[in-house]
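Q: To convert a position in the sequence shown, counted from 1, into my numbering, add 31.
Once you've had a glance at the structure underneath, I'll fire off some questions.
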Amino acid sequence: MRDPVDADSDTLLPTRQSLLTRLRDWQDEAGWREFFDTYWRLIYKVACQAGLSDIQAQEVVQNTFVYLARKMPKFHYDRTRGSYKSWLRVVTRSRIQVYFRSEQRQRQFIRDPSPSDEDDASNFIESFPDPASDQLDEIWQREWEDNLITVAFQRLRSKVSSQQLLIFRLGTLSDTPASQVAKKLRVSVPQIYLARHRVGKLFQAELKRLRAELE
32 MRDPVDADSD TLLPTRQSLL TRLRDWQDEA GWREFFDTYW RLIYKVACQA GLSDIQAQEV
92 VQNTFVYLAR KMPKFHYDRT RGSYKSWLRV VTRSRIQVYF RSEQRQRQFI RDPSPSDEDD
152 ASNFIESFPD PASDQLDEIW QREWEDNLIT VAFQRLRSKV SSQQLLIFRL GTLSDTPASQ
212 VAKKLRVSVP QIYLARHRVG KLFQAELKRL RAELE
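Structure follows, in structure tokens:
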């Protein structure tokens with residue numbers, strides 16, 4: 032099987048070129064922190080949706096970033112084809128596949144498998160979504176969108192007050208009526224609408240920027 036980093040290294044768009052270039056330097060802690068903060072939840076949630084437990088999904092996250100840390104120093108790509116989003120999906124999917132295979136080998140090794148044991152091991156793998164299937168691609172797309180919203184919301188923390196952010200979250204993302212938000216936060220209803228409008232514009236601008244960068 033071709034290495035996903037090498038296989039897709041010629042199929043990326045110029046979305047996050049500057050950050051990807053920074054990731055070639057292991058000493059760039061800020062670059063790696065930004066990369067991790069942006070994507071760990073996405074990888075974790077996709078791994079969980081693929082059937083892994085909380086601890087197993089955390090291992091996949093760790094394995095994915097360790098794998099990328101090893102590969103990025105020699106990573107090159109052609110910016111004219113493909114998508115950054117697809118590349119990261121391929122890398123994540125490959126790490127999930129590797130984890131499933133590792134789990135299967137461990138179960139077989141520990142139990143000196145008889146034919147029935149081998150059937151159990153196969154059933155263990157077959158009970159989860161195929162990491163190479165369209166189902167996992169659908170999971171990736173859904174979680175990608177959720178992750179964009181989460182990252183956009185987090186980046187607003189440095190741009191607006193915590194109260195305005197809470198107003199936006201309660202009044203927009205949770206559809207709580209303005210009157211209830213005003214009562215809960217002890218502010219006027221006009222303040223609720225003003226905060227929603229201001230933060231909403233910033234939120235949509237951040238989402239647009241993230242989509243332009245990451246997709």
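By construction, the Cβ of each residue, glycine as well, lies at the ideal position given by its N, Cα and C atoms.
If you draw a straight line from the alpha carbon of Phe96 to that of Phe67, how long is it in whole angstroms?
A: Counting from 1 along the sequence shown, the entry for residue 96 is found at position 65. Counting from 1 along the sequence shown, the entry for residue 67 is found at position 36. So the two alpha carbons sit approximately 8 Å from each other.
Q: Count the other CB atoms within 10 Å of the CB of Ser125; is the residue buried (16 or more) or exposed (fewer)?
A: Within the sequence shown, numbered from 1, the residue matching residue 125 stands at position 94. Answer is buried; the Cβ neighbour count reaches 16.
Q: Going by beta carbon distance, what residues of the same chain come within less than 7 Å of Asp227, once the five residues before and after it are set aside?
A: Numbered from 1 along the sequence shown, position 196 holds the residue referred to as residue 227. Per the sequence shown, the amino acid found at residue 227 is Arg instead of Asp. Only Ile198, Phe199, Gly202, Thr203 meet the Cβ criterion.
Q: Determine, using beta-carbon pairs with one atom in the stretch 166-180 and one in the stretch 84-92, whether at least three such pairs fall under 8 Å.
A: no
Q: Helix, strand or coil for Pro104? Go by DSSP, reduced to three states.
A: Numbered from its first residue, the sequence shown carries residue 104 at position 73. Helix.
Q: Buried or exposed: where does Gln248 fall if 16 or more other Cβ atoms within 10 Å of its Cβ makes it buried?
A: Outside the modelled stretch of the chain, which goes from 32 to 246, sits residue 248, for which no answer is possible.
Q: Could you tell me which of Leu83, Arg242, Leu99, Asp85 sits nearest to Gln172, measuring between CA atoms?
A: If you number the sequence shown from 1, residue 172 lands on position 141. Among Leu83, Arg242, Leu99, Asp85, the Cα nearest to that of Gln172 belongs to Arg242.
Q: Among Ala100, Pro208, Arg64, Leu83, which has the Cα closest to the Cα of Arg132?
A: Position 101 of the sequence shown, counted from the first residue, corresponds to residue 132. Nearest option by C-alpha distance: Leu83.
Q: Kindly indicate the opening and closing residues of the alpha helix (DSSP H) around Ser189.
A: As a working note, residue 189 is residue 158 in the sequence shown. Counting along the chain, Ser189 falls outside any alpha helix (DSSP H), and DSSP gives it neither H nor E.
Q: Does DSSP classify Val218 as helix, strand or coil?
A: Against the sequence shown, residue 218 aligns to sequence position 187. The DSSP-derived three-state label of Val218 is coil.
Q: As a quick exercise: from Ser117, Trp63, Val129, Leu245, pick the residue whose alpha carbon is nearest that of Ala78.
A: The count along the sequence shown starts at 1 and reaches residue 78 at position 47. Ranking Ser117, Trp63, Val129, Leu245 by Cα distance to Ala78 puts Val129 first.
Q: Nearest CA to the CA of Tyr115: which residue from Leu50, Arg101, Glu60?
A: For this step, residue 115 is matched to residue 84 along the sequence shown. Measuring from the Cα of Tyr115, the nearest candidate turns out to be Leu50.
Q: What separation, rounded to the nearest whole angstrom, lies between the Cα atoms of Trp118 and Leu99?
A: Locating residue 118 in the sequence shown gives position 87, where the first residue counts as 1. Locating residue 99 in the sequence shown gives position 68, where the first residue counts as 1. Each residue's alpha carbon lies about 12 Å from the other.
Q: May I ask you to report which of helix, strand or coil DSSP gives Ala81?
A: Position 50 of the sequence shown, counting from 1, holds the residue named residue 81. Ala81 falls in the coil class under three-state DSSP.
Q: Buried or exposed, going by whether 16 or more other CB atoms sit within 10 Å of the CB of Ser153?
A: By 1-based counting over the sequence shown, the position of residue 153 is 122. For Ser153, the predicted structure reports a pLDDT of 43, less than 50, and the residue's modelled location is therefore unreliable. A value from the coordinates is still provided. Ser153 should be labelled exposed.
Q: Measure the C-alpha to C-alpha separation of Trp57 and Ser219 and round it to an integer number of angstroms.
A: For the purposes of this step, residue 57 is identified with residue 26 of the sequence shown, where counting begins at 1. For the purposes of this step, residue 219 is identified with residue 188 of the sequence shown, where counting begins at 1. Straight-line Cα distance between these residues: approximately 50 Å.
Q: Would you call Gly62 buried or exposed, if buried means 16 or more other Cβ atoms sit within 10 Å of its Cβ?
A: Reading the sequence shown from its first residue, position 31 is the one you call residue 62. Flag for Gly62 reads buried.
Q: Let's see if you can read the secondary structure: which residues bound the alpha helix (DSSP H) around Ser205?
A: Taking the first residue of the sequence shown as position 1, residue 205 is located at position 174. Ser205 -> no alpha helix (DSSP H), and no H or E assigned at all.
Q: With distance defined between alpha-carbon atoms, name the residue in Leu233, Glu237, Arg55 nearest to Phe106.
A: The sequence position of residue 106 within the sequence shown is 75, counting from 1. Comparing alpha carbon positions, the residue from Leu233, Glu237, Arg55 closest to Phe106 is Arg55.
Q: In three-state terms, what does DSSP make of Leu54?
A: Counting from 1 along the sequence shown, the entry for residue 54 is found at position 23. In the structure shown, Leu54 sits in coil (DSSP, three-state: anything other than H, G, I, E or B).
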